[in-house]
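Student: I have a structure here, written as structure tokens, and I will follow up with some questions on it.
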């Protein structure tokens with residue numbers, strides 16, 4: 001029986017990206033099954049470039065730079081955007097359930113956890129504030145990014161605290177338009193983020209940072225902290241099983257599009273819940289959609305929802321797009337953070353509208369965005 005008034009504190013140290021992400025999966029699954037206690041995990045990464053669960057690696061990362069510089073490429077089990085990790089950042093993760101947080105709403109869960117983290121960061125000597133959708137800032141500069149994944153009633157919510165972060169190295173790894181890599185743009189990017197060492201004029205020890213965050217979470221959720229030496233045998237076995245799958249190209253590149261014979265229509269939609277990309281093939285003679293790919297830096301639960309949605313859209317008549325999407329979401333239980341079904345309709349309709357051989361809007365019965 002899980003103790004609802006205790007929060008285990010687990011420090012898994014500096015690890016490869018694949019190991020950290022396998023720990024994400026194993027701890028979340030073990031928590032969902034009722035085996036693992038509520039847990040606060042601290043972690044660090046060897047140099048790594050990570051894409052969100054829904055993203056395409058080649059769209060988001062300069063893979064040749066990563067390989068040349070020995071930077072691991074990996075895919076998170078959470079949504080969100082591409083990020084660069086190295087030992088100059090410290091990560092924190094909560095494995096809890098919705099009752100622990102006091103809400104079943106994704107937006108409220110994110111807000112409550114992020115405000116607790118902001119209080120912990122503020123105790124170090126800065127004025128940290130939560131800025132929706134998922135950032136923590138000091139004087140308008142990002143000091144921490146966050147995101148989460150859900151499995152049944154269990155939640156894994158994670159954040160990253162910038163200690164002495166190298167912005168220029170991050171920009172060399174992420175696929176960013178050339179105009180944004182000018183000296184002026186780099187200086188602007190550096191001004192938008194804040195390192196704790198810069199804000200404080202010194203670098204607090206990892207022990208001090210972890211204690212400040214842990215105490216803030218304990219007070220927010222009215223629980224007692226219980227430091228632990230490591231995982232138990234069940235969690236360790238689940239970790240080793242998850243590592244075999246995650247430490248593979250099949251896992252890393254699963255959202256990359258395979259080569260297709262038909263021309264690909266693509267579009268981007270910046271929704272309140274994050275950037276969305278859509279690609280699709282079109283049988284113009286029959287007026288039917290072929291393959292569909294949807295990627296982006298958004299958060300949904302369950303994670304396989306996109307795979308099921310893409311399957312539901314495969315082969316449908318263009319005129320049936322909106323009806324098919326509404327039918328899908330009517331029947332499919334899904335949680336989304338600041339995202340709606342209309343955002344999916346919007347990005348797919350934009351992709352179709354990018355086809356300059358298509359009929360004019362007035363000739364097409366389904367051009368209105370639902």
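In full-length UniProt numbering, the protein residues as written are 1 to 370. For glycine and all other residues, C-beta sits at the position ideal for the given N, C-alpha and C.
#1: For residue 4, which three-state DSSP category applies?
#2: Does the Cβ-Cβ distance between residue 31 and residue 154 come in under 8 Å?
#3: Taking the DSSP output, what are the residues bridged to residue 128?
#4: Please state the DSSP three-state secondary structure of residue 241.
#5: Compare the C-alpha of residue 353 against each of 301, 281, 140, 332 and name the closest.
#6: Helix, strand or coil, according to DSSP, for residue 299 in the structure here?
#7: Here's the rule I'm using: 16 or more other beta-carbon atoms within 10 Å means buried, otherwise exposed. How should residue 144 be labelled?
#8: Can residue 62 and residue 169 be called in contact, C-beta distance under 8 Å?
#9: Pick helix, strand or coil for residue 82, following the three-state DSSP scheme.
#10: Could you give the first and the last residue of the continuous alpha helix (DSSP H) run that contains residue 32?
#11: Could you give the first and the last residue of the continuous alpha helix (DSSP H) run that contains residue 97?
#12: Residue 314 by DSSP, collapsed to three states: which one?
#13: Considering residue 159, what are the terminal residues of the beta strand (DSSP E) in which it resides?
#14: Taking just the CA atoms, how far does residue 213 sit from residue 119?
#15: Rounded to the nearest angstrom, what separates residue 157 and residue 284 at their Cα positions?
#16: Please classify residue 324: does DSSP put it in a helix, a strand, or coil?
#17: Restricting to Cα atoms, I'd like to know which of 344, 71, 241 is closest to residue 310.
#18: How far does the beta strand (DSSP E) with residue 74 in it reach, from first residue to last?
#19: Mind checking whether residue 206 and residue 90 have CB atoms under 8 Å apart?
#20: If I measure Cβ to Cβ from residue 147 and keep anything under 7 Å in the same chain, skipping five residues before and after, which residues do I get?
#21: With a threshold of 8 Å on Cβ separation, who are the neighbours of residue 264 within its own chain once the five nearest residues in sequence on each side are excluded?
#22: Does residue 67 come out as helix, strand or coil in the three-state DSSP assignment?
#23: Are the CB atoms of residue 28 and residue 149 within a distance shorter than 8 Å?
#24: Check the DSSP bridge columns for residue 150 and list the partner residues they point to.
#25: Helix, strand or coil: which one does DSSP assign to residue 231?
#26: Check the C-beta distance from residue 74 over to residue 21 and give it rounded, since I have them as a contact under 8 Å.
#27: Whole angstroms are fine: how far does the CA of residue 46 sit from the CA of residue 76?
#28: Can you tell which of 241, 10, 131 has its C-alpha closest to the C-alpha of residue 93?
#29: Determine the DSSP secondary structure at residue 220, reduced to helix, strand or coil.
#30: Rounded to the nearest angstrom, how far is the Cβ of residue 18 from that of residue 246, given a contact under 8 Å?
#31: Would you be able to state if there are at least three C-beta pairs under 8 Å between the stretch 234 to 254 and the stretch 125 to 133?
#32: Nearest by alpha-carbon distance to residue 301: which of 320, 277, 329, 290 is it?
#33: Anyone know if the C-beta pair for residue 296 and residue 277 falls short of 8 Å?
#34: What residues in its chain sit with their C-beta under 7 Å from that of residue 317, if we drop five residues either side in the sequence?
#35: According to DSSP, which residues form a beta bridge with residue 293?
#36: Taking residue 285 as part of the alpha helix (DSSP H), name the residues at either end of that continuous run.
Tutor: Well, looking at it:
#1: As a working mapping, residue 4 is identified with position 4 in the chain shown. Residue 4 falls in the coil class under three-state DSSP.
#2: Looking up residue 31 in the chain shown gives position 31. Looking up residue 154 in the chain shown gives position 154. Judged by beta-carbon spacing, residue 154 lies within the 8 Å limit of residue 31, meaning their Cβ atoms are closer than that value.
#3: Within the chain shown, residue 128 is the residue found at index 128, counting from 1. Paired residues: 138.
#4: Here residue 241 refers to the residue found at position 241 of the chain shown. The answer is helix: DSSP assigns residue 241 an H, G or I state.
#5: Translated into the one-based positions of the chain shown, residue 353 becomes position 353. Considering only alpha carbons, the answer is 281.
#6: Indexing the chain shown from 1 puts residue 299 at position 299. Coil at residue 299, not helix or strand.
#7: The sequence position of residue 144 within the chain shown is 144, counting from 1. Residue 144 comes out buried.
#8: On the chain shown, position 62 is the one that residue 62 refers to. On the chain shown, position 169 is the one that residue 169 refers to. The answer is no: Cβ separation not under 8 Å.
#9: Within the chain shown, numbered from 1, the residue matching residue 82 stands at position 82. DSSP places residue 82 in coil when its eight states are reduced to three.
#10: Within the chain shown, the letter at position 32 stands for residue 32. Run containing residue 32: 17 to 32, per the alpha helix (DSSP H) assignment.
#11: Residue 97 sits at position 97 when you count from the first residue of the chain shown. Not the alpha helix (DSSP H): residue 97 falls in the beta strand (DSSP E), residues 89 to 97.
#12: For the purposes of this step, residue 314 is taken as residue 314 along the chain shown, with counting starting at 1. DSSP, read as helix, strand or coil, puts residue 314 in coil.
#13: Numbered from its first residue, the chain shown carries residue 159 at position 159. Start and end: 154 to 162.
#14: Counted from its first residue, the chain shown places residue 119 at position 119. Counted from its first residue, the chain shown places residue 213 at position 213. Cα to Cα, the separation comes out at about 8 Å.
#15: For the purposes of this step, residue 157 is taken as residue 157 along the chain shown, with counting starting at 1. For the purposes of this step, residue 284 is taken as residue 284 along the chain shown, with counting starting at 1. In a straight line, the C-alpha of residue 157 is about 44 Å away from that of residue 284.
#16: Position 324 of the chain shown, counted from the first residue, corresponds to residue 324. If DSSP states are grouped into helix, strand and coil, residue 324 belongs with the helices.
#17: By 1-based counting over the chain shown, the position of residue 310 is 310. Checking every option, the nearest Cα to that of residue 310 belongs to 344.
#18: Position 74 of the chain shown, counting from 1, holds the residue named residue 74. Under the DSSP assignment, residue 74 falls in the beta strand (DSSP E) whose first and last residues are 72 to 75.
#19: Along the chain shown, read from residue 1 onward, the residue named residue 206 stands at position 206. Along the chain shown, read from residue 1 onward, the residue named residue 90 stands at position 90. Yes. Within cutoff.
#20: Here residue 147 refers to the residue found at position 147 when the chain shown is read from its first residue. For residue 147, where only same-chain residues beyond five positions count, the Cβ hits under 7 Å are 78, 79, 80, 134, 158, 299.
#21: Here residue 264 is taken as the residue at index 264 of the chain shown, counted from 1. Excluding residues within five positions, the ones whose Cβ falls inside 8 Å are 257, 279, 280, 281.
#22: Reading the chain shown from its first residue, position 67 is the one you call residue 67. Correct three-state label for residue 67: helix.
#23: In the chain shown, counting from the first residue as 1, residue 149 sits at position 149. In the chain shown, counting from the first residue as 1, residue 28 sits at position 28. In contact: residue 149 and residue 28 (Cβ atoms closer than 8 Å).
#24: Locating residue 150 in the chain shown gives position 150, counting from the first residue. For residue 150, which the question treats as bridged, DSSP gives the partners 155.
#25: Within the chain shown, the letter at position 231 stands for residue 231. Note: residue 231 maps to coil in three-state DSSP.
#26: Locating residue 74 in the chain shown gives position 74, counting from the first residue. Locating residue 21 in the chain shown gives position 21, counting from the first residue. The Cβ separation is near 6 Å, so the contact holds.
#27: Taking the chain shown and counting its residues from 1, the one referred to as residue 76 is at position 76. Taking the chain shown and counting its residues from 1, the one referred to as residue 46 is at position 46. Cα-Cα distance, rounded: 15 Å.
#28: In the chain shown, counting from the first residue as 1, residue 93 sits at position 93. Ranking the options by Cα distance to residue 93, first place goes to 10.
#29: Working through the chain shown from its first residue, we reach residue 220 at position 220. Residue 220 falls in the helix class under three-state DSSP.
#30: As a position in the chain shown, residue 18 is number 18, starting the count at 1. As a position in the chain shown, residue 246 is number 246, starting the count at 1. Residue 18 to residue 246, Cβ: 5 Å. Contact.
#31: no
#32: By one-based count along the chain shown, residue 301 stands at place 301. Checked all of 320, 277, 329, 290; the closest Cα to residue 301 is 329.
#33: Looking up residue 296 in the chain shown gives position 296. Looking up residue 277 in the chain shown gives position 277. Going by C-beta atoms, residue 296 is nearer than 8 Å to residue 277.
#34: The residue labelled residue 317 in the question sits at position 317 within the chain shown. Cβ neighbours of residue 317 beyond the five flanking positions: 287, 288.
#35: Sequence index remark: in the chain shown, residue 293 carries index 293 (1-based). The partner list for residue 293 (beta bridge, DSSP) reads 279.
#36: The residue labelled residue 285 in the question sits at position 285 within the chain shown. Run containing residue 285: none; DSSP gives neither H nor E here.
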